[in-house]
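Residue numbers (the numbering used here): 5 to 761.
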């Protein structure tokens, strides 16, 4: 009987493809293995087998699998296949998009001819050759004549390095590279090999890092931490998901460590997720000190060959017990998962924006744990409204830590009215006198300072002072950010870079000025105000050249003032910070989005939480023109319950999450008219299928053109209890009906974003 395989291919088509299994591969082709298959007339692609069966498809010629790539074991485990199928359905994307996101590129070359498949890391060694031994002995003087001094010296060096002890121990292999370093010329080594006095051979060494330090047991918990740990254990007896709502600096990480140890002792695996790659370095050292080589770090910035080796180990007989990683770590294979920890669960960095699949790392982690029969612990000082609502309703367990570790006092929050100070001409650029004074006192006491500015670059825009012309991106509907250190302006949406024009294209003026403050300009101001202070900048630009060094230097107090964007708000633990400055709170309060208030509160509380940790007294200066803002008052009071209740009333009134689910539908085209026409048509069909009151738009988003594509957005609020298969069917129906209109979708791109953030 013939055998067929349904496979997922790395192409943006929303279906599986069926191939015939050759007789020679019938016993070995099974779900999860990778295979090479023909696609189209000339392409050869890597595919993952999803299902095998005996049902021959009708209506077209069946092509055969060309080659099996996984002979020992499948690259994708059964539970992974289930998770990846769920992502495809929930996020309305193709199975191929999900496979491309999940598998390291070394495991999914696009085609045979142009692929860069994974290559194992090897090391060349040398060992004693047969011709060096006579009757079990090594007679060095007889092996070399008087002219071969260099060869003799290198051979003796080999015996020394190899631990040779005549009559007691045989010489061991030595790396060829290390032995060659003792010779001035490679010809000396080559001569020893040619004579057969040494043999050269290759060993696969791998890239997996090895921890060589000494591990320690977890630290003893405080009574408050122990109480929280006990409550989490109790919650897990009844619930699969628990939210740990602990104020900043309450010691959540140490609780995680105790839970991880319990799981590892049971032989279970743990996935520990963080929102930012920069965070993994600091947490990694804490975890390695306890778990040593039982853990690994996995994220998208790891070298691809290392990602392949971690992936392969996870599918093998001795997988890592603990995986620490960012969003992409949720795609790794887990054969015996017991616990998933999602730290800083509120953070929007857990959401993948582009390209597809546009999945949420937190929600996907909860689904992964559910498929594995594992528990999920969500942790945050400022939980997302969705997670907190689930906890309050009883769907999740809820454990609260209301005080800082060792009862450290929370930082004092001072709100500074910059509008009033600027009117009186007291401001020094972006810096207010109260903030300057606090920084001066902190530096005198050898304390550290963190300054938060929610914009990178030097200035927000470059403009002509004579006519007001602003330099904009040619391909995006956005003004350019000037980067002084590069001497150019850049678009932060498409990445294009521009030189300043020699003259204003509008009026011919020769002078330009920057408007606004980015982190570069803040750093320049700080250096002028505090020339003796050691400063560093942490943003997307500086992080490219070494965020680990920046954070380590600040941790080791080699830096006095750290200036950064949102990266400085994300769970970093610095003991010596006494002052935190939020330089322009208005930029995060005044944003046209239903989540703006929630985000602003979370961001400011998280940034403020970097101050006054451990034994250090802390103060937070928030500079704003909107001193009467409700968000600022809530941040100042620290009353989470009032904040939560106010927002829940708003969300319920307008039927936003957590009272509904959201799907954003994006329509893009190179012409605005085409985008608008297609968006109107699909919006009509969505309104018919979901109800007019549940569909908003189409509208042009805040940035209405990116990479020369005009954008229209439709937002659909659909019921929480609507099954995934039903909602997917409705969205797909609206899309297919729209695509059926002749000529409408030519040059139009349609995409879906589940749970947009």
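We treat Cβ as the ideally placed atom computed from N, Cα and C, and that holds for glycine.
A check of alpha carbon separations from residue 326 across 305, 260, 389 identifies 260 as the nearest. Ranking 670, 589, 558, 554 by CA distance to the CA of residue 521 puts 589 first. Residue pairing by DSSP puts residue 277 in a beta bridge opposite 329, 346. Here residue 542 carries a strand assignment [DSSP, helix/strand/coil].
Residue ranges of uninterrupted alpha helix (DSSP H) with 4 or more members, entirely inside the region 674–752 and ordered along the chain, are 676–694, 728–743. Residue 542 has its alpha-carbon roughly 6 Å from the corresponding atom of residue 567. As computed with DSSP, residue 379 is found in a beta bridge with 343. Of the residues 708, 689, 725, 657, the one whose Cα lies closest to the Cα of residue 735 is 689.
In the assembly as shown, residue 614 is a buried residue. Its beta-carbon has 16 or more other beta-carbons within 10 Å. Residue state for residue 431 is assigned as coil, using DSSP reduced to three classes. The continuous beta strand (DSSP E) containing residue 55 extends over residues 47–57. In chain order, 434, 455, 457, 567, 587 place their CB closer than 7 Å to the CB of residue 526, counting only its own chain and leaving out the 5 sequence neighbours on each side.
Listed in chain order, the non-local C-beta contacts of residue 12 below 7 Å within the same chain comprise 20, 51, 52, 54, 99, 100, 103, local neighbours out to five positions each way being set aside. Between residue 107 and residue 335, the alpha-carbon positions lie close to 8 Å from each other. Comparing alpha carbon positions, the residue from 516, 580, 229, 591 closest to residue 411 is 229. At a cut-off of 3 residues, the continuous stretches assigned as beta strand (DSSP E) that sit fully inside the region 238–270 are 245–250. By the Cβ neighbour-count rule, residue 474 is exposed, with fewer than 16 other Cβ atoms within 10 Å of its own. In the DSSP assignment, residue 525 falls within the alpha helix (DSSP H) that extends over 523–533.
Here residue 129 carries a strand assignment [DSSP, helix/strand/coil]. A Cβ-Cβ separation of about 5 Å places residue 176 in contact with residue 166 under the 8 Å criterion. Between residue 584 and residue 604, the CB-CB gap reaches or exceeds 7 Å. When DSSP assignments are scanned along the region 406–451, the uninterrupted stretches of alpha helix (DSSP H) that are 4 or more residues long and fall wholly within it turn out to be 422–427, 437–448.
Comparing alpha-carbon positions, the option among 239, 453, 27 lying closest to residue 398 turns out to be 239. Each residue's CA atom was taken as its position, placing residue 8 and residue 31 some 12 Å apart. Contact between residue 262 and residue 222 holds, since their C-beta atoms are separated by about 5 Å, short of 8 Å. When the beta-carbon positions are compared, residue 347 and residue 401 stay at least 7 Å from each other.
As computed with DSSP, residue 21 is found in a beta bridge with 11. Annotation: residue 303 to residue 427 spans about 48 Å, alpha carbon to alpha carbon. Its Cα nearest to that of residue 610, the residue 387 stands out among 515, 40, 268, 387. Between residue 93 and residue 361, the alpha-carbon positions lie close to 10 Å from each other. Cβ atoms of residue 371 and residue 730 stay farther apart than 8 Å, at about 18 Å. With a cutoff of 7 Å on beta-carbon distance, residue 232 and residue 482 are scored as not near each other. In this structure, the alpha-carbon of residue 632 lies about 26 Å from that of residue 523.
With contacts defined as CB atoms closer than 7 Å, residue 202 and residue 273 fail to qualify as a contacting pair.
If you draw a 10 Å sphere on the C-beta of residue 65, you find fewer than 16 other C-beta atoms in it, and that means exposed.
In this structure, the straight-line span from the alpha carbon of residue 447 to that of residue 378 is close to 48 Å.
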